[in-house]
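Notes follow the structure.
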Amino acid sequence: MIGRGEENPGSPARRGRGWIWLSAVVVAVLLIAGGFAAIAQPWTPEFRHGGLTVAPPPNSAPPQAEITAARSDAPAPTVEGIGAALAPVIGNPDLGAFAGQVSDPSSGAVLWSQDPTKAMIPSSTAKIMLAAAALLTLPDDQRLTTRVVAGAPGELVLLAGGDPTLTTVETGGYYTDGARIADLAAQVRAAGTQVTAIVVDISGFTGPTMAAGWDPIDIPEGSIAPIEAIMLDGGRFDPSADYSPRSATPALDAGRALATALGVDPAAVRVGQAARTGAELAKVQSAPLRTRLHDMMIRSDNVLAEAVGRELALATGHEPSFAGAVAATTAALTAAGFDVTGLHLADNSGLSVDDRVPARLLDTIIATAAKPTGDAAVVPVGTQARPENDPRAAALAPLLDDLPVAGGTGTLAPRFVVQNRHGAGWVRAKTGTLSVASALVGYVLDRDGRVLTFALMSNDRLPEVSRPALDTVAGALRNCGCS
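Our numbering numbers the first residue of the sequence shown as 115 and each following residue consecutively.
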């Protein structure tokens with residue numbers, strides 16, 4: 115309360131005297147500082163360095179990046195060595211229900227395992243199986259085609275070709291080298307066709323658009339969109355954000371984007387099945403399969419995984435649905451000689467909590483991809499087999515380059531940065547995260563220069579608890595001189 119005769123501290127008079135007082139103080143400080151500066155001359159090297167003469171910095175040279183192959187003469191790891199390295203970390207209760215396997219791809223030997231055949235929730239490490247199936251089955255340069263054909267008078271038919279990577283942005287887009295709606299529109303305009311309505315035909319995919327074990331809340335939270343045969347940036351509202359909220363009507367959105375680009379009322383767009391026999395007016399193509407697989411793995415993109423699954427299904431005579439896609443993945447792995455005992459998939463992305471995969475299968479896929487060839491190959495003890503004679507190894511080798519780098523790229527970029535830093539740059543692995551499960555599957559170069567592959571799976575723990583524990587196990591493999 116301000117009594118009679120007292121001034122409000124914020125009144126003009128009070129503020130004016132305050133500024134005068136402050137100005138006087140500033141002037142005094144400046145005078146003192148000026149006098150000190152005249153005596154001490156703080157701008158001189160002698161003042162800054164206590165009278166010492168400081169040599170100029172040496173000429174800097176840009177760092178030279180060097181990538182070398184793993185040593186072919188690295189000491190072979192042993193079961194005992196790996197066991198001793200992992201013993202202090204695998205009993206961590208933060209791992210929850212834990213299963214895993216570690217292998218030496220050079221010899222084909224399994225060096226350590228814990229419940230390797232137990233069916234576990236894989237989360238996004240399920241994408242490893244899809245990527246392997248695609249690499250074993252489909253051409254690396256395969257592309258998806260989105261077409262526009264003439265329909266009824268004044269009507270265009272947008273024929274969805276299974277591509278979720280189209281974009282409306284002028285440059286960039288969420289996915290690498292995604293096709294552009296603007297290119298479709300330009301071709302349609304060049305054809306001179308009058309357009310008043312657009313039908314989006316998504317009959318290329320069948321069955322439900324959401325898998326068993328998916329939560330609809332994951333649409334606005336940015337993990338998934340309903341799986342339809344055409345999408346813009348995987349259904350993202352913001353193509354610059356991994357976890358942008360997604361659209362519940364991605365195919366309709368794509369049609370409306372084309373309408374907008376053509377100056378057609380977006381309200382004149384509908385989703386339906388139309389005749390596919392009209393004259394082709396425009397077409398665009400996706401990036402090659404290899405590019406899309408890399409995006410899928412590095413970014414752990416669920417929509418892209420489900421689209422690739424249907425691409426695989428169509429190529430192998432299965433229905434382009436969730437059921438058909440997982441059947442195609444399972445069949446491709448089985449045909450390649452992988453033991454799929456215990457495998458049950460509701461989707462190909464690993465988003466479903468109904469998925470079950472044994473650690474043995476995941477590690478075996480990575481170990482096969484990592485088999486050395488030529489002079490670097492090691493004859494497994496007690497056999498006449500040569501790893502370089504395994505045709506699967508050459509087909510699957512690109513999978514290794516699709517794995518995120520610890521502390522560097524993709525979903526592993528923020529990990530191995532504060533804790534377990536010794537694994538940064540050395541661990542390459544596919545991550546998997548659900549509210550009930552975490553997993554880490556990949557490979558690492560141990561301290562002796564030997565490649566080790568691993569599948570580490572944790573269930574029944576929150577990811578913020580289990581992920582650091584999994585990273586610690588992978589870090590122990592990096593620190594291992596396990597011969």
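Using N, Cα and C, we set each Cβ at its ideal position, and we do this for glycine too.
Going straight from the alpha carbon of P330 to that of G321, what length do you get? Here residue 330 refers to the residue found at position 216 when the sequence shown is read from its first residue. Here residue 321 refers to the residue found at position 207 when the sequence shown is read from its first residue. Answer to the nearest angstrom: the Cα atoms are 17 Å apart.
Check the DSSP bridge columns for F319 and list the partner residues they point to. Working through the sequence shown from its first residue, we reach residue 319 at position 205. Beta bridge pairing from DSSP links F319 with no other residue.
So N416 is in the alpha helix (DSSP H); what residue range does that whole segment cover? Translated into positions along the sequence shown, residue 416 becomes position 302. Element bounds for N416: N416 to A429.
With 16 other Cβ atoms within 10 Å as the buried cut-off, status of Y557: Within the sequence shown, the letter at position 443 stands for residue 557. With 16 or more other Cβ atoms within 10 Å, it is buried.
State the start and end residues of the unbroken beta strand (DSSP E) segment that holds V193. Start at 1 with the first residue of the sequence shown, and residue 193 comes out as number 79. Per DSSP, V193 lies in no beta strand (DSSP E); the unbroken alpha helix (DSSP H) holding it starts and ends at V193 to L200.
Would you kindly work out how many angstroms separate the C-alpha atoms of G318 and G287, rounded to a whole number? Position 204 of the sequence shown, counted from the first residue, corresponds to residue 318. Position 173 of the sequence shown, counted from the first residue, corresponds to residue 287. Distance between the alpha carbons of G318 and G287 is about 24 Å.
Report the three-state DSSP secondary structure of I212 (helix, strand or coil). Here residue 212 corresponds to residue number 98 of the sequence shown, with the count starting at 1. The identity of residue 212 in the sequence shown is Phe, whereas the question assumes Ile. In this structure, F212 counts as strand in the three-state DSSP scheme.
Check whether the segment 237-252 and the segment 376-389 are in contact - that is, three or more C-beta pairs closer than 8 Å. Segments in contact, no.
In whole angstroms, give me the CA-to-CA distance for R350 and P434. By 1-based counting over the sequence shown, the position of residue 350 is 236. By 1-based counting over the sequence shown, the position of residue 434 is 320. If you take the alpha carbons of R350 and P434, they lie about 22 Å apart.
Cut-off 8 Å between Cβ atoms - residues of its own chain near A199, not counting five sequence neighbours on either side: Numbered from 1 along the sequence shown, position 85 holds the residue referred to as residue 199. In chain order, A590, L591, N593, C594 and C596 place their CB closer than 8 Å to the CB of A199, counting only its own chain and leaving out the 5 sequence neighbours on each side.
Extract the residue ranges of the alpha helix (DSSP H) inside the segment 318-395, only unbroken runs of 4 or more that lie entirely within it. Here the runs fully enclosed are 364-376.
So D585 is in the beta strand (DSSP E); what residue range does that whole segment cover? In the sequence shown, the residue the question calls residue 585 occupies position 471. Taken as a continuous stretch (DSSP letters only), D585 belongs to no beta strand (DSSP E), being part of the alpha helix (DSSP H) at P577 to R592.
Cutting at 7 Å between CB atoms, please list the residues of its own chain near S580, excluding the five before and the five after it. For the purposes of this step, residue 580 is taken as the residue at position 466 of the sequence shown. Closer than 7 Å at the Cβ level, and outside the excluded window around S580, lie D208, L209, G210, S552 and S572.
Here's the rule I'm using: 16 or more other beta-carbon atoms within 10 Å means buried, otherwise exposed. How should Y357 be labelled? Working through the sequence shown from its first residue, we reach residue 357 at position 243. Of the other Cβ atoms in all chains shown, fewer than 16 fall within 10 Å of the Cβ of Y357; this residue is therefore exposed.
Could you please give the first and the last residue of the uninterrupted beta strand (DSSP E) stretch that includes T598? It is not possible to answer for residue 598, since the shown part of the chain is limited to 115 through 597.
In terms of DSSP beta bridges, what is W226 paired with? In the sequence shown, residue 226 corresponds to position 112, counting from 1. Looking at the DSSP assignment, W226 forms a beta bridge with V216.
Would you call the segment 409-416 and the segment 510-530 in contact, with 3 or more CB pairs under 8 Å? Yes, since at least three Cβ pairs between the segment 409-416 and the segment 510-530 fall closer than 8 Å, the two stretches touch.
Just curious, the alpha helix (DSSP H) that T251 is in, first and last residue? Locating residue 251 in the sequence shown gives position 137, counting from the first residue. Start and end: A240 to T251.
Under DSSP, the alpha helix (DSSP H) around T547 begins and ends at which residues? Residue numbering aside, residue 547 sits at position 433 when the sequence shown is read from its first letter. Careful: T547 lies outside any alpha helix (DSSP H), inside the beta strand (DSSP E) at V541 to L548.
Per-residue burial, D315 [other beta carbons within 10 Å of its own, 16 or more giving buried]: The count along the sequence shown starts at 1 and reaches residue 315 at position 201. It counts as buried.
Just the C-alpha distance for E160 and V532, rounded to the nearest angstrom, thanks. For the purposes of this step, residue 160 is identified with residue 46 of the sequence shown, where counting begins at 1. For the purposes of this step, residue 532 is identified with residue 418 of the sequence shown, where counting begins at 1. Low confidence applies to E160: its pLDDT is 42, below 50, so where it sits in the model is not reliable, and the reading given next is rough at best. When rounded, the distance between both Cα atoms is 39 Å.
Limits of the unbroken alpha helix (DSSP H) element including P434: For the purposes of this step, residue 434 is taken as residue 320 along the sequence shown, with counting starting at 1. Neither: P434 is in no alpha helix (DSSP H) and is coded neither H nor E.
At a threshold of 7 Å, does F319 count as lining the ligand ATP (C-beta to nearest heavy atom)? As presented, the structure is devoid of all ligands, the ligand ATP included, so that no description of it is given.
Tell me the DSSP secondary structure of G286 in three-state form. Residue mapping note: residue 286 aligns to position 172 of the sequence shown, counting from 1. In the three-state reduction of the DSSP assignment, G286 falls in the coil class, being assigned neither a helical nor a strand state.
Under 8 Å, do A569 and V555 count as touching if we go by C-beta distance? Start at 1 with the first residue of the sequence shown, and residue 569 comes out as number 455. Start at 1 with the first residue of the sequence shown, and residue 555 comes out as number 441. Yes, they are a contact pair.
By a C-beta neighbour count over all protein chains shown, 10 Å radius and 16 as the cutoff for buried, is H408 buried or exposed? On the sequence shown, position 294 is the one that residue 408 refers to. Taking every protein chain shown into account, the CB of H408 has 16 or more other CB atoms within 10 angstroms, so this residue is buried.
Pull the bridge partners of F568 from the DSSP assignment, please. Against the sequence shown, residue 568 aligns to sequence position 454. Checking the DSSP bridge columns, you'll see F568 partnered with V216 and G556.
Would you identify the three-state DSSP class for D399, choosing helix, strand or coil? Stepping through the sequence shown from its first residue, residue 399 is reached at position 285. Residue 399 is actually Gln in this sequence, not Asp. In the structure shown, Q399 sits in a strand (DSSP, three-state: E or B).
Would you decide whether T545 is buried or exposed? Buried here means 16 or more other CB atoms lie within 10 Å of its CB. Against the sequence shown, residue 545 aligns to sequence position 431. Answer is buried; the Cβ neighbour count reaches 16.
What is the C-beta distance between I295 and T285, in whole angstroms, given that I count them as a contact (C-beta under 8 Å)? Along the sequence shown, read from residue 1 onward, the residue named residue 295 stands at position 181. Along the sequence shown, read from residue 1 onward, the residue named residue 285 stands at position 171. With a contact defined as Cβ atoms closer than 8 Å, I295 and T285 miss out at about 13 Å.
Beta-carbon within less than 8 Å of A190's beta-carbon, same chain only, minus the 5 sequence neighbours each way: which residues are those? Translated into the one-based positions of the sequence shown, residue 190 becomes position 76. For A190, where only same-chain residues beyond five positions count, the Cβ hits under 8 Å are D218, S220, S221, V492, R564 and S597.
Any beta carbon of chain C sitting closer than 8 Å to that of H458? Among the protein chains of the structure shown there is no chain C, as only one such chain exists.
Would you give the residue range spanned by the beta strand (DSSP E) that V467 belongs to? Here residue 467 refers to the residue found at position 353 when the sequence shown is read from its first residue. Counting along the chain, V467 falls outside any beta strand (DSSP E), and DSSP gives it neither H nor E.
8 Å contact criterion, which M243 and I479 should meet: CB distance rounded: Against the sequence shown, residue 243 aligns to sequence position 129. Against the sequence shown, residue 479 aligns to sequence position 365. At roughly 7 Å, the Cβ-Cβ gap stays under 8 Å, so M243 and I479 are in contact.
Assuming D614 contacts S400 (C-beta within less than 8 Å), just tell me the rounded distance between them. There is no way to answer for residue 614, as the model of the chain reaches only from 115 to 597.
Using a Cβ-Cβ cutoff of less than 6 Å, which residues in the same chain neighbour G386 once the five nearest sequence positions on both sides are dropped? Against the sequence shown, residue 386 aligns to sequence position 272. Cβ-Cβ distances below 6 Å link G386 to V313 in the same chain, with the five nearest sequence neighbours on each side left out; the list follows chain order.
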